[in-house]
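**Student:** Whatever position you read off the sequence shown (first residue = 1), add 75 for my numbering.
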Amino acid sequence: MDLEAEFERTVAAEHRVEPRDWMPDGYRKTLIRQIAQHAHSEIIGMQPEGNWISRAPSLRRKAILLAKVQDEAGHGLYLYAATETLGADRGDLTEKLIEGRQKYSSIFNYPTLSYADVGTIGWLVDGAAICNQVPLCRTSYGPYARAMIRICKEESFHQRQGYELLMTMMSGTDAQRAMVQESVDRFWWPSLMMFGPPDAESSNTEQSMAWRIKRNTNDELRQKFVDMTVPQAEKLGVTLPDPELAWNAERGHHDFGRPDWDEFWQVVGGNGPTNAQRVAHRRKAHDDGEWVRAAAAAHAAKRARDEGR
Ligand code: ACO
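Okay, here's the thing in structure tokens:
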């Protein structure tokens, strides 16, 4: 049997590729790259919001935020587990992250300057994440697709809590409304950048679409996000900071301005506002956890010895 033809048939038939199936090296490599970046994003993504846990304005808000940040840790763990089914080593991926050899989402390299940012991240950042990740529930690699189903359910809760928080602030004082608008002004463009570079500059899209790892292109999903978000912004009573944003009846979509792609590449290249801080924080947490890993390894070795007796 021709293994490559069998793989192609599985993908074309919309069946899932499973860990023990034969797969091309490039397919495995692409999946490890994308899933690891995704896992790193979840873990680094705990930092911007974690920043506000100790200063949440009520017990209710603190409980919601704690639950949300814990969810992100869980997402990271499912995703690292998915990379392990492809033969990757979690420790090695963490090393690559803290040495700056693997990427994570650009969005988490922006600071959270006000409490409204917790709401805006829920609404826009998690909203963009859902838009990008719902199609990944149909990605061709089984363990990734299955992880995405649970992750998307939790992301929907995150998005709702963010929108509800902003709705509450918008029905508050003028100062609170101004705080929401200022936050939306800062996060709008970086949220659009989350979908990746324009299709013409996206080095991986064509092959990833052919393998059905990605189910939509970056520009398709960005457009979907804009169309979905404009009516939500109107209902909320905020202005999206793009003078070119307008409904185009002919296309049946909103036209919108061009994100600053130079800024995007700067951030992806490690030169965003908080890249150094995010990675340093992750590295410190890893170093501080060294004794836990050493103790767990010693315990496992002792158990193996005892069982071998
Ligand atoms: N931030 C950082 N790097 C990015 C981003 C971004 N927003 N978008 C693209 N890149 C990188 C790509 O990783 C790629 O670099 P590489 O080849 O060195 O790995 C390069 O820019 C070119 O981009 P593409 O060819 O378009 O990359 P790709 O096909 O992987 O598409 C995308 C990028 C859409 C982000 C895809 O990887 C994806 O859907 N990933 C899963 C979702 C995800 O990771 N979400 C994380 C944020 S959401 C959250 O955690 C709440």
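Cβ atoms here follow ideal geometry from the backbone N, Cα and C, with glycine treated the same way.
Might you give, ordered along the chain, the residues of its own chain that have their beta carbon closer than 7 angstroms to the beta carbon of Ala222, omitting 5 neighbours on each side?
**Tutor:** Correct list, in chain order: Tyr153, Leu154, Ala157.
**Student:** Determine the extent of the beta strand (DSSP E) in which Ala321 is found, giving its start and end residues.
**Tutor:** Here the beta strand (DSSP E) through Ala321 covers 321 to 323.
**Student:** Return the residue from the list Cys212, Ile205, Ala371 that minimises the CA-CA distance to Phe300.
**Tutor:** The shortest C-alpha separation from Phe300 is found at Ile205.
**Student:** Between Leu78, Tyr102, Gln122, Trp322, which has its C-alpha nearest Ala148's C-alpha?
**Tutor:** Of Leu78, Tyr102, Gln122, Trp322, the residue nearest in Cα terms is Gln122.
**Student:** When every heavy atom of the ligand ACO is checked, does at least one fall within less than 7 angstroms of the C-beta of Asp249?
**Tutor:** Because no heavy atom of the ligand ACO lies under 7 angstroms away, the Cβ of Asp249 does not count as near it: no.
**Student:** With respect to the alpha helix (DSSP H) encompassing His374, which residues constitute its N-terminal and C-terminal limits?
**Tutor:** Segment 365 to 383, the alpha helix (DSSP H) holding His374.
**Student:** How about Trp346: is its Cβ closer than 7 angstroms to a heavy atom in the ligand ACO?
**Tutor:** This sequence places Asn at residue 346; Trp is not what is there. Every heavy atom of the ligand ACO is 7 angstroms or more from the Cβ of Asn346, so no.
**Student:** Comparing the CB of Ala142 with every heavy atom of the ligand ACO, is any distance shorter than 7 angstroms?
**Tutor:** Every heavy atom of the ligand ACO is 7 angstroms or more from the Cβ of Ala142, so no.
**Student:** For Thr314, which of Asp335, Phe262, Glu338 has the nearest alpha-carbon?
**Tutor:** Checking every option, the nearest Cα to that of Thr314 belongs to Phe262.
**Student:** Measure how close the beta-carbons of Asn207 and Met269 come, nearest whole angstrom, since I'm counting them as under 8 angstroms.
**Tutor:** With a Cβ gap of about 7 angstroms, Asn207 and Met269 count as contacting.
**Student:** Measure from the alpha carbon of Thr160 to the alpha carbon of each residue in Arg95, Gly197, Arg333, then state which is nearest.
**Tutor:** Closest by alpha carbon: Arg95.
**Student:** In this structure, how does DSSP classify Asp96 when only helix, strand and coil are distinguished?
**Tutor:** In the structure shown, Asp96 sits in coil (DSSP, three-state: anything other than H, G, I, E or B).
**Student:** Specify whether the segment 187 to 204 and the segment 236 to 253 touch according to this definition: at least 3 beta carbon pairs, one from each stretch, less than 8 angstroms apart.
**Tutor:** These segments touch.
**Student:** Between which two residues does the alpha helix (DSSP H) carrying Asp330 extend?
**Tutor:** Taken as a continuous stretch (DSSP letters only), Asp330 belongs to no alpha helix (DSSP H), being part of the beta strand (DSSP E) at 328 to 330.
**Student:** Enumerated in chain order, which unbroken segments of the alpha helix (DSSP H) with a length of 4 residues or greater are wholly contained in the segment 122 to 152?
**Tutor:** Listed in chain order, there is nothing to give.
**Student:** Between Met98 and the rest of its own chain, which residues show a CB-CB distance below 7 angstroms, the 5 nearest in sequence each way excluded?
**Tutor:** Cβ neighbours of Met98 beyond the five flanking positions: Phe82, Val92.
**Student:** What is the C-beta distance between Ile118 and Gly151, in whole angstroms, given that I count them as a contact (C-beta under 8 angstroms)?
**Tutor:** Their Cβ separation, rounded to whole angstroms, is 4 angstroms, which keeps Ile118 and Gly151 in contact under 8 angstroms.
**Student:** Can you give the Cα-Cα distance for Ala355 and Ala87, rounded to whole angstroms?
**Tutor:** Going from the Cα of Ala355 to the Cα of Ala87 covers about 43 angstroms.
**Student:** Please report the straight-line C-alpha distance between Glu382 and Arg165, rounded to a whole angstrom.
**Tutor:** When rounded, the distance between both Cα atoms is 26 angstroms.
**Student:** What is the DSSP secondary structure of Tyr190, counted as helix, strand or coil?
**Tutor:** Here Tyr190 sits in coil by DSSP.
**Student:** Just the C-alpha distance for Asn291 and His233, rounded to the nearest angstrom, thanks.
**Tutor:** Taking the straight line joining both Cα atoms gives about 23 angstroms.
**Student:** Heavy atom of the ligand SAM less than 7 angstroms from the Cβ of Met242, yes or no?
**Tutor:** Among the ligands modelled here, namely the ligand ACO, the ligand SAM does not occur.
**Student:** Should the segment 175 to 185 be regarded as contacting the segment 263 to 283, the criterion being three or more beta carbon pairs within less than 8 angstroms?
**Tutor:** A contact exists between the segment 175 to 185 and the segment 263 to 283.
**Student:** With the cut-off set at 8 angstroms, would you say Thr105 and Ser283 are in Cβ contact?
**Tutor:** Yes, the pair counts as a contact, with Cβ atoms nearer than the cut-off.
**Student:** So Tyr185 and Pro348 are in contact, right, with Cβ under 8 angstroms, and what is the actual spacing, rounded?
**Tutor:** Confirmed, about 6 angstroms.
**Student:** For Arg216, which of helix, strand or coil comes out of DSSP?
**Tutor:** One point to set straight first is that residue 216 is Tyr, not Arg, in the sequence displayed. Here Tyr216 sits in strand by DSSP.
**Student:** Three-state secondary structure (DSSP) at Trp286?
**Tutor:** In the structure shown, Trp286 sits in coil (DSSP, three-state: anything other than H, G, I, E or B).
**Student:** Determine the DSSP secondary structure at Met269, reduced to helix, strand or coil.
**Tutor:** The answer is coil: DSSP assigns Met269 none of H, G, I, E or B.
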